[in-house]
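Participant:
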Amino acid sequence: MIQQYQDNLQFDTDKPILEMRDLCKSYFIGDGELKVLKNINISITPGEYVAIMGPSGSGKSTLLNMIGCLDRPTSGEYFLGGAGVSTLDDDDLSSIRGARIGFIFQSFNLISQLNIIENIQVPMFYQGLTEHESAERAIELAKMVGLGHRLKHRPTELSGGQQQRVAIARALSNDPLIILADEPTGNLDSSSGSEILDILHGLHEQGKTLIAVTHDEGIARESERVVRLFDGAIDKEEHNKKRNQR
Amino acid sequence: MFLYRLKRTVKLGIKSLWMHRLRSTLTALGIIFGVSSVIAMLAIGEGASEDAQKKIAQLGSHNIIVKTQDPPEEKSATGQQQTLKEYGLTYSDAERFRSAIPNVQVIVPNRRIAQEAQYRTHRASIEVVGTVPWYPQISTLKVQYGRYISDTDLRYKKGVCVIDEKIVKALFAFDYPIGEDIKLGTDYYRVVGVAREKDDTPESSETSSSGASSQAGANVGTIYIPLTTAKDRFGETSVQMNSTSGMIMEKVELQEIIIKVNDLSQIIPTKQSVETLLKAFHKKNDYNITVPLELMKKQQDIQRIFTIVLGSIAAISLIVGGIGIMNIMLATVSERTREIGIRRALGAKKRDIIFQFLSETFILTAAGGILGIILGLGIPYLVQYYGNMPTVVKGSSLILAFGISSAVGIIFGLYPAYRAANMDPIESLRHE
Numbered sequence: 001m002i003q004q005y006q007d008n009l010q011f012d013t014d015k016p017i018l019e020m021r022d023l024c025k026s027y028f029i030g031d032g033e034l035k036v037l038k039n040i041n042i043s044i045t046p047g048e049y050v051a052i053m054g055p056s057g058s059g060k061s062t063l064l065n066m067i068g069c070l071d072r073p074t075s076g077e078y079f080l081g082g083a084g085v086s087t088l089d090d091d092d093l094s095s096i097r098g099a100r101i102g103f104i105f106q107s108f109n110l111i112s113q114l115n116i117i118e119n120i121q122v123p124m125f126y127q128g129l130t131e132h133e134s135a136e137r138a139i140e141l142a143k144m145v146g147l148g149h150r151l152k153h154r155p156t157e158l159s160g161g162q163q164q165r166v167a168i169a170r171a172l173s174n175d176p177l178i179i180l181a182d183e184p185t186g187n188l189d190s191s192s193g194s195e196i197l198d199i200l201h202g203l204h205e206q207g208k209t210l211i212a213v214t215h216d217e218g219i220a221r222e223s224e225r226v227v228r229l230f231d232g233a234i235d236k237e238e239h240n241k242k243r244n245q246r
Numbered sequence: 001m002f003l004y005r006l007k008r009t010v011k012l013g014i015k016s017l018w019m020h021r022l023r024s025t026l027t028a029l030g031i032i033f034g035v036s037s038v039i040a041m042l043a044i045g046e047g048a049s050e051d052a053q054k055k056i057a058q059l060g061s062h063n064i065i066v067k068t069q070d071p072p073e074e075k076s077a078t079g080q081q082q083t084l085k086e087y088g089l090t091y092s093d094a095e096r097f098r099s100a101i102p103n104v105q106v107i108v109p110n111r112r113i114a115q116e117a118q119y120r121t122h123r124a125s126i127e128v129v130g131t132v133p134w135y136p137q138i139s140t141l142k143v144q145y146g147r148y149i150s151d152t153d154l155r156y157k158k159g160v161c162v163i164d165e166k167i168v169k170a171l172f173a174f175d176y177p178i179g180e181d182i183k184l185g186t187d188y189y190r191v192v193g194v195a196r197e198k199d200d201t202p203e204s205s206e207t208s209s210s211g212a213s214s215q216a217g218a219n220v221g222t223i224y225i226p227l228t229t230a231k232d233r234f235g236e237t238s239v240q241m242n243s244t245s246g247m248i249m250e251k252v253e254l255q256e257i258i259i260k261v262n263d264l265s266q267i268i269p270t271k272q273s274v275e276t277l278l279k280a281f282h283k284k285n286d287y288n289i290t291v292p293l294e295l296m297k298k299q300q301d302i303q304r305i306f307t308i309v310l311g312s313i314a315a316i317s318l319i320v321g322g323i324g325i326m327n328i329m330l331a332t333v334s335e336r337t338r339e340i341g342i343r344r345a346l347g348a349k350k351r352d353i354i355f356q357f358l359s360e361t362f363i364l365t366a367a368g369g370i371l372g373i374i375l376g377l378g379i380p381y382l383v384q385y386y387g388n389m390p391t392v393v394k395g396s397s398l399i400l401a402f403g404i405s406s407a408v409g410i411i412f413g414l415y416p417a418y419r420a421a422n423m424d425p426i427e428s429l430r431h432e
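From first to last, the protein sequence lines are chains A and B.
Letter by letter, the first sequence follows residues 1 to 246 in the working numbering.
Letter by letter, the second sequence follows residues 1 to 432 in the working numbering.
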């Protein structure tokens, strides 16, 4: 199973892994139409580290939901891994979320009744991996994020930074095309936050494609490209030619 | 693959139910009581029905029983009671039935007399039945050992008797009864056989409700003698002491006539002919016709109503249990909105969520169903033990109750599961 998704990663680096063309999203409230995203054109190549920034109400969250296949655009096209996903039905979107996107949330979103291994196993479970395969991989990932000694702990027994590390391990479990982080440091103190930034940086070094929606200028500095949203449209894109060496 | 998913989902379901033990137990209680009440009520109903059917079957489904009954009191012109009452079935009635009614297989005229029996120093109140050799054909009476009354006994008015097992116990204790002599009234009778009524229930007082038995008190058992002998030696009159008017003489020829019809469909027409014949020859209403088949039918009707009533009560309790489950599951779903959102974001399809919540409901109701069956088996046992009421637990009722509870679980679990699956993942992820 995992092999299959790794095959999907064999893209030419210049071909976009994610592409949006004239993507619009409107909400219809009563008779009025509220345009939240206006003609978004964005293209991300494999291995890129992109930060999406913008003030509240600029449409960041909506764009994140679009990228994460949690919502469908009103118009425009969205290609993920070369395949159009804007017209897929709910079941197919679920499959894509499970197989191709690794979510990291601001509030960690671990399932409190499951222990760490079981939490990391959840996406693999929906991809149909066996208990044995998924447990093995979950342990491996937990060790990778430095939680090998707390495998049987519940999320509530961990600090915020540790919980976010579990969430990162979970996001990596199905070897997704893109890792989508929503304010990954928003609920953390500065030292835990920088730990998380280090891990994300490491993932980038390994060649993973990262997209982070954030207010955190630290992430913006880490990233290769910053996309600034304003009032539902892309205001400007900045390329950090030289990444900060840490 | 599917089995693996099932295993995972069931494990997860048990885990989250276990996290809310008290809530799960209280919810399951509704199903437990529902299932156990279905089983217990069906068992009690079935037991009562089987008991009644057995009693009726003992009278014989092909039989028509005509009994003598004391006619309503007739005051003479002077206001005094008659001192000699002559009523009841006669030998000519029996003869008329035989000659005038078709389809009759056997006619048994019986004479019943309350008497005291004595063997050496043992005494017992018994009922003497003057009968014919073919009596066993229409009853459940079976000769255990020895023989029954024979044609010769009847023709020559022999002083022989067949006793039932209770009398063996009461009079003989350790002696072998056959060949011994019992004193009935003023005469001695030789015991030629011991017989037993199948499934003897203490209802001999009911079958011997003829006028003669009222003075006898509690009977120990029954002694069968040839009808001719009875007529000869006991006569047809009996004397009754009455507190208001002193002595009353009664003259009754036969206490009962049992008619066996060869075909079930002929029972009702035959009963009508019997009624017509009796009406024509009896001035007083001194007879009573019982048709066990009719009783059985009536009993079945009552049983059907009984079952419907009990069934609906049990079904209502199961529905109430189901509503309880639905209520709790809806609460669980809204409590776990965020978990649903997380699972949806991590790749769960709608049907995965439905499956997860439905299996949780199913586990709850199945566990409730099993505990309910255990409780439901216990209740009839206690009723039988302490309430002295027969109960019959049928395997089909267990399957029925378990099936219903599982169905209730699925039906009432569907809506909450559907609601969980159709929540917007974005909204649910934001849910606190």
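Even glycine gets a Cβ: it sits at the ideal position worked out from N, Cα and C.
None of these values were measured; they are calculated from a predicted model.
(1) Contact check, B/ILE44 vs B/PRO380 under 8 Å by CB: the rounded distance?
(2) Between A/ARG165 and the rest of its own chain, which residues show a CB-CB distance below 8 Å, the 5 nearest in sequence each way excluded?
(3) State the start and end residues of the unbroken alpha helix (DSSP H) segment that holds B/THR9.
(4) What three-state label does DSSP hand B/GLY327 in the structure shown?
(5) Tell me which residue opens and which closes the alpha helix (DSSP H) that B/LYS350 is part of.
(6) Span of the beta strand (DSSP E) holding B/ALA114?
(7) With a CB to CB cut of under 7 Å and the five nearest residues on each side skipped, what residues in its chain are close to B/GLY159?
(8) Where are the beta strand (DSSP E) runs, 3 residues long or more, that stay fully inside the stretch 10-83 of chain A, in chain order?
(9) Quick one, which of B/ILE101, B/ALA114, B/ILE289 and B/VAL106 has its alpha-carbon nearest B/GLY88's?
(10) Can you tell me whether B/TYR176 is buried or exposed, with buried defined as 16 or more other CB within 10 angstroms of its CB?
(11) Nearest-angstrom Cα distance between A/GLY193 and A/GLU222?
(12) Report buried or exposed for B/TYR148, applying the criterion of at least 16 other Cβ atoms within 10 angstroms of its Cβ.
(13) Would a C-beta distance cut-off of 7 Å place B/ALA445 and B/ILE64 closer than the cut-off?
(14) According to DSSP, is B/GLY130 helix, strand or coil?
(15) Hey, is B/MET329's beta-carbon within less than 7 Å of any beta-carbon in chain D?
(16) Might you give, ordered along the chain, the residues of its own chain that have their beta carbon closer than 8 Å to the beta carbon of B/SER434, omitting 5 neighbours on each side?
(17) Less than 7 Å between CB atoms is the rule here; does B/LEU6 satisfy it with respect to chain A?
(18) Tell me, which residues are paired with A/GLU237 by DSSP?
(19) Compile a chain-ordered list of the residues in the stretch 58-75 of chain A whose CB is closer than 8 Å to at least one CB of chain B.
(20) Could you work out which residue in A/GLY232, A/GLN121, A/GLU237 and A/TYR49 is closest to A/LEU63 when comparing CA atoms only?
(21) Quick one: which chain B residues come within Cβ less than 8 Å of A/GLN163?
(22) How would you list, in chain order, the residues of chain A whose beta-carbon sits under 7 Å from the beta-carbon of B/GLU339?
(23) Starting from B/TYR287, follow the beta strand (DSSP E) in both directions and report where the run begins and ends.
(24) Nearest to B/ARG336 by alpha carbon, out of B/HIS431, B/LEU310, B/LYS260 and B/LEU371?
(25) So, using beta-carbon positions, are A/ILE44 and A/LEU18 closer together than 7 Å?
(26) Based on the DSSP secondary-structure assignment, which residues constitute the bridge partners of B/SER125?
(27) Note down, in chain order, each residue of its chain lying with its Cβ closer than 6 Å to the Cβ of B/MET389, except the 5 sequence neighbours on either side.
(28) Give the secondary structure of B/TYR224 by DSSP, where H, G and I count as helix, E and B as strand, and everything else as coil.
(29) By Cβ distance below 7 Å, which residues in the same chain neighbour B/TYR276 in space, the five residues on each side in sequence not counted?
(30) Can a CB atom of chain A be found closer than 7 Å to the CB of B/LEU346?
(31) Can you check which of these residues, B/LEU3, B/PHE2 and B/ASP232, is closest to B/TYR156 by C-alpha distance?
(32) Does any residue of chain A have a CB that is nearer than 7 Å to the CB of B/LYS349?
(33) Could you spell out the range, first to last residue, of the alpha helix (DSSP H) harbouring B/ALA417?
(34) Of all the options A/LEU210, A/LEU158 and A/SER173, which has the alpha carbon lying nearest to the alpha carbon of A/ILE179?
(35) Can you find a CB in chain B that lies within less than 7 Å of the CB of A/SER223?
(36) State the DSSP-derived secondary structure class of B/ARG196, mapped to helix, strand or coil.
Facilitator: On the basis of the supplied data:
(1) On the second sequence, residue 44 of chain B is found 44 positions in, with the first residue counted as 1. On the second sequence, residue 380 of chain B is found 380 positions in, with the first residue counted as 1. The Cβ separation is near 6 Å, so the contact holds.
(2) As a first step, residue 165 of chain A is located in the first sequence; it is residue number 165 there, counting from the start. Result list for A/ARG165: VAL145, GLY146, LEU147, GLU195, ILE196 and ILE199, in chain order.
(3) Within the second sequence, the letter at position 9 stands for residue 9 of chain B. 2-19 is the span of the alpha helix (DSSP H), which, as asked, contains B/THR9.
(4) Your numbering for residue 327 of chain B matches position 327 in the second sequence. Reading the sequence as shown, one finds Asn at residue 327 of chain B and not Gly. Note: B/ASN327 maps to helix in three-state DSSP.
(5) For the purposes of this step, residue 350 of chain B is taken as residue 350 along the second sequence, with counting starting at 1. Taken as a continuous stretch (DSSP letters only), the alpha helix (DSSP H) holding B/LYS350 covers 350-386.
(6) By 1-based counting over the second sequence, the position of residue 114 of chain B is 114. From DSSP, the beta strand (DSSP E) with B/ALA114 extends over 104-119.
(7) Here residue 159 of chain B is taken as the residue at index 159 of the second sequence, counted from 1. ASP187, TYR188, TYR189, ARG190 and THR229.
(8) 18-29, 32-44, 49-53 and 75-80
(9) In the second sequence, the residue the question calls residue 88 of chain B occupies position 88. Closest option to B/GLY88, Cα to Cα, is B/ILE289.
(10) Reading the second sequence from its first residue, position 176 is the one you call residue 176 of chain B. Its Cβ having fewer than 16 others within 10 Å, B/TYR176 is exposed.
(11) Within the first sequence, the letter at position 193 stands for residue 193 of chain A. Within the first sequence, the letter at position 222 stands for residue 222 of chain A. Rounded to whole angstroms, A/GLY193 to A/GLU222 spans 13 Å at the Cα level.
(12) Locating residue 148 of chain B in the second sequence gives position 148, where the first residue counts as 1. Buried: at least 16 other Cβ atoms inside 10 Å.
(13) One cannot answer for residue 445 of chain B here, as it falls past the ends of chain B, which runs 1 to 432.
(14) Position 130 of the second sequence holds residue 130 of chain B. Residue state, collapsed to three classes: strand.
(15) You won't find chain D in this structure, because its protein chains are A and B.
(16) Outside the shown range of chain B, which is 1 to 432, sits residue 434 of chain B, and nothing can be said about it.
(17) Counting from one through the second sequence, the residue named residue 6 of chain B turns up at place 6. No, B/LEU6 does not count as interfacial toward chain A.
(18) Counting from 1 along the first sequence, the entry for residue 237 of chain A is found at position 237. A/VAL227.
(19) ASN65, GLY68, LEU70 and ASP71
(20) As a working mapping, residue 63 of chain A is identified with position 63 in the first sequence. For the residues A/GLY232, A/GLN121, A/GLU237 and A/TYR49, the minimum Cα distance to A/LEU63 belongs to A/GLY232.
(21) On the first sequence, position 163 is the one that residue 163 of chain A refers to. Within 8 Å Cβ-Cβ: nothing; A/GLN163 doesn't reach chain B, min ~13 Å.
(22) If you number the second sequence from 1, residue 339 of chain B lands on position 339. Per Cβ cutoff of 7 Å: ILE111.
(23) Numbered from its first residue, the second sequence carries residue 287 of chain B at position 287. Where B/TYR287 is concerned, the enclosing beta strand (DSSP E) stretches over 287-290.
(24) Locating residue 336 of chain B in the second sequence gives position 336, where the first residue counts as 1. The option with the nearest alpha carbon to B/ARG336 is B/HIS431.
(25) Start at 1 with the first residue of the first sequence, and residue 44 of chain A comes out as number 44. Start at 1 with the first residue of the first sequence, and residue 18 of chain A comes out as number 18. In contact: A/ILE44 and A/LEU18 (Cβ atoms closer than 7 Å).
(26) Here residue 125 of chain B is taken as the residue at index 125 of the second sequence, counted from 1. For B/SER125, which the question treats as bridged, DSSP gives the partners B/GLU116.
(27) Translated into the one-based positions of the second sequence, residue 389 of chain B becomes position 389. VAL383.
(28) For this step, residue 224 of chain B is matched to residue 224 along the second sequence. Of the three classes helix, strand and coil, the one that applies to B/TYR224 here is strand, per DSSP.
(29) As a working note, residue 276 of chain B is residue 276 in the second sequence. The identity of residue 276 of chain B in the sequence shown is Thr, whereas the question assumes Tyr. So the list is empty, once near-sequence residues are dropped.
(30) Here the question's residue 346 of chain B lines up with position 346 in the second sequence. Yes - at least one Cβ of chain A is within 7 Å of the one on B/LEU346.
(31) What you label residue 156 of chain B is simply residue 156 of the second sequence in a count that begins at 1. The shortest C-alpha separation from B/TYR156 is found at B/ASP232.
(32) If you number the second sequence from 1, residue 349 of chain B lands on position 349. Yes, contact with chain A.
(33) One-based indexing of the second sequence puts residue 417 of chain B at position 417. Element bounds for B/ALA417: 395-421.
(34) Within the first sequence, numbered from 1, the residue matching residue 179 of chain A stands at position 179. The candidate whose alpha carbon is nearest that of A/ILE179 is A/LEU210.
(35) Against the first sequence, residue 223 of chain A aligns to sequence position 223. No, no contact with chain B.
(36) Numbered from 1 along the second sequence, position 196 holds the residue referred to as residue 196 of chain B. Of the three classes helix, strand and coil, the one that applies to B/ARG196 here is strand, per DSSP.
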